[in-house]
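Below is one structure, written out as structure tokens, with a few remarks after it.
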Amino acid sequence: VLCLRVARHGGTRRERQPSMVTERLQDGAIVTIEYRISSQENDATITENPDLAWHGGEELDSSHRRGQDLTFEVGAKMVLPALDHAVRVLNQGESKVLAVVAREAVGADRCKEMGVRESKRVCCAVRVVHRKNERAELKQVAERRLQQASAAKDSGNALFKQKKPREALKYYRQGRKKLEGFDKEKLDSSIADQCRALLLSLLLNCAACSLQLGEPRAKQTVTMCSKALALDASSVKAFFRRAMAHKLLDDHEAAVADLRSALRLEPANQDVMKEIVKLAGVEVGE
26 VLCLRVARHG GTRRERQPSM VTERLQDGAI VTIEYRISSQ ENDATITENP DLAWHGGEEL
86 DSSHRRGQDL TFEVGAKMVL PALDHAVRVL NQGESKVLAV VAREAVGADR CKEMGVRESK
146 RVCCAVRVVH RKNERAELKQ VAERRLQQAS AAKDSGNALF KQKKPREALK YYRQGRKKLE
206 GFDKEKLDSS IADQCRALLL SLLLNCAACS LQLGEPRAKQ TVTMCSKALA LDASSVKAFF
266 RRAMAHKLLD DHEAAVADLR SALRLEPANQ DVMKEIVKLA GVEVGE
């Protein structure tokens with residue numbers, strides 16, 4: 026087996042220059058390879074005739090010998106660092122020859138069994154059978170959904186300005202659903218931040234529309250604002266709109282609590298101050 030331990034020695038030798046790779050594999054990508062580890066008389070001859078790495082020398086281990094290809098996760102320290110690095114830039118079907126230390130490649134017991142010095146540099150021929158760049162695929166999905174959600178938000182904004190909250194709400198919901206249905210934890214931070222920011226905006230816009238539609242939508246407004254606060258606990262708009270929804274539901278205690286939370290975040294917010302006075306019947310600060 027290609028051991029998990031880090032090779033302290035050993036570099037890499039190219040079998041051939043790989044063609045242009047569409048996307049360099051990132052940590053988390055899943056790769057399946059076939060491999061052959063062999064002891065060669067002369068490493069230099071392999072650079073001239075890489076086929077020797079696949080067919081020549083004394084075979085120490087191979088996927089053919091084991092009857093199955095090796096599948097591993099890139100960046101998870103499941104294979105030698107040199108191998109992990111090499112497969113990142115190989116397309117499906119491409120191959121490469123690495124020079125690694127026998128002990129790190131097959132283990133001390135196998136070296137002893139084959140009569141190979143543990144410190145000997147051996148050849149590891151690798152060919153990529155299949156590669157799946159999960160993070161890259163997820164990034165593409167996220168970018169596409171960001172575009173779709175942004176377009177839906179723009180359509181909703183146009184309708185909201187025309188004082189059509191019911192119609193605008195439909196578009197805001199469409200945009201929200203585009204961003205709520207996939208795993209953002211595996212995304213690069215920049216894309217994940219864009220998704221969270223746009224989702225927060227869409228949730229707040231849904232709340233604004235629901236508020237304009239009155240008491241029948243008040244519970245939905247509370248739900249949307251609570252989801253918004255889960256994304257950003259310092260959202261004054263979320264606290265204020267949830268307070269107004271509580272007011273519609275005659276839950277003045279909850280409304281005042283949200284207004285006071287908003288006021289702690291923005292002490293000079295006049296709209297919040299006025300609503301607290303109306304609901305609590307006292308001056309702010311008493």
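Numbering (my numbering), first residue to last: 26 to 311. Where a beta carbon is used, it is the ideal one built from N, C-alpha and C, also for glycine.
Which residues mark the beginning and the end of the beta strand (DSSP E) in which residue i is found?
{"i": "ALA258", "result": "Element bounds for ALA258: n/a, residue is neither H nor E."}
{"i": "LEU85", "result": "83-87"}
{"i": "LEU95", "result": "95-98"}
Report yes if the CB atom of residue i is closer than 9 Å to the CB atom of residue j, and no otherwise.
{"i": "LYS262", "j": "ALA232", "result": "yes"}
{"i": "LYS318", "j": "ALA111", "result": "A query on residue 318 cannot be resolved here, the shown segment of the chain reaching from 26 to 311 and no further."}
{"i": "LEU288", "j": "ARG267", "result": "no"}
{"i": "GLU300", "j": "MET249", "result": "no"}
{"i": "GLY53", "j": "VAL99", "result": "yes"}
{"i": "LEU171", "j": "CYS220", "result": "yes"}
{"i": "ALA167", "j": "ALA217", "result": "yes"}
{"i": "LEU229", "j": "SER260", "result": "yes"}
{"i": "LEU227", "j": "GLY200", "result": "yes"}
{"i": "THR96", "j": "ILE62", "result": "no"}
{"i": "GLY239", "j": "LEU274", "result": "no"}
{"i": "LEU85", "j": "ALA127", "result": "yes"}
{"i": "CYS234", "j": "PRO292", "result": "no"}
{"i": "HIS155", "j": "GLN117", "result": "yes"}
DSSP has residue i in a bridge; who is on the other side?
{"i": "LEU163", "result": "Per DSSP, none; premise fails for LEU163."}
{"i": "ALA150", "result": "ARG61 and VAL122"}
{"i": "ARG156", "result": "VAL56"}
Which residue's Cα is closest to the Cα of residue i: the options?
{"i": "VAL147", "options": "ARG49, VAL131, HIS89 and GLU138", "result": "VAL131"}
{"i": "GLY140", "options": "PRO190, LYS299 and SER64", "result": "SER64"}
{"i": "GLU119", "options": "TYR60, GLU66 and ARG128", "result": "TYR60"}
{"i": "LYS303", "options": "VAL154, ALA280 and ALA293", "result": "ALA280"}
{"i": "VAL153", "options": "GLN165, ALA293 and LEU50", "result": "LEU50"}
{"i": "LEU290", "options": "PHE265, LYS272, GLU278 and LYS202", "result": "PHE265"}
{"i": "GLY82", "options": "GLU66, ASP94 and GLY92", "result": "GLU66"}
{"i": "GLU129", "options": "GLU278, VAL104 and LEU256", "result": "VAL104"}
{"i": "SER215", "options": "CYS136, ALA293, LYS164 and LEU123", "result": "LYS164"}
{"i": "THR57", "options": "HIS80, TRP79, GLN93 and LEU77", "result": "GLN93"}
{"i": "LEU212", "options": "ALA161, ASP257 and GLN173", "result": "ALA161"}
{"i": "PRO75", "options": "LEU123, ASN182, CYS136 and ALA243", "result": "LEU123"}
{"i": "GLN173", "options": "SER251, LYS202 and GLN237", "result": "LYS202"}
{"i": "LYS188", "options": "LYS244, LEU236 and ASP109", "result": "LEU236"}
Considering residue i, what are the terminal residues of the alpha helix (DSSP H) in which it resides?
{"i": "VAL112", "result": "106-112"}
{"i": "ARG142", "result": "Run containing ARG142: none; DSSP gives neither H nor E here."}
{"i": "MET103", "result": "Here MET103 belongs to no alpha helix (DSSP H), and DSSP marks it neither H nor E."}
{"i": "LYS188", "result": "Note, LYS188: premise wrong, no alpha helix (DSSP H); not H, not E."}
{"i": "ARG49", "result": "That residue, ARG49, is in no alpha helix (DSSP H); it is neither H nor E in DSSP."}
{"i": "ASN294", "result": "Premise fails: ASN294 is in no alpha helix (DSSP H) and is neither H nor E."}
{"i": "ASP283", "result": "277-290"}
{"i": "GLU129", "result": "127-131"}
{"i": "GLN117", "result": "Per DSSP, GLN117 belongs to no alpha helix (DSSP H) and is neither H nor E."}
{"i": "ASP218", "result": "214-237"}
{"i": "LEU77", "result": "76-80"}
Could you round the C-beta distance between residue i and residue j to whole angstroms and report it? I think they count as a contact, below 8 Å.
{"i": "ALA107", "j": "VAL125", "result": "6 Å"}
{"i": "SER175", "j": "TYR196", "result": "SER175 to TYR196, Cβ: 11 Å. No contact."}
{"i": "GLU192", "j": "LEU204", "result": "Contact flag wrong, Cβ pair sits at about 20 Å."}
{"i": "HIS271", "j": "VAL247", "result": "7 Å"}
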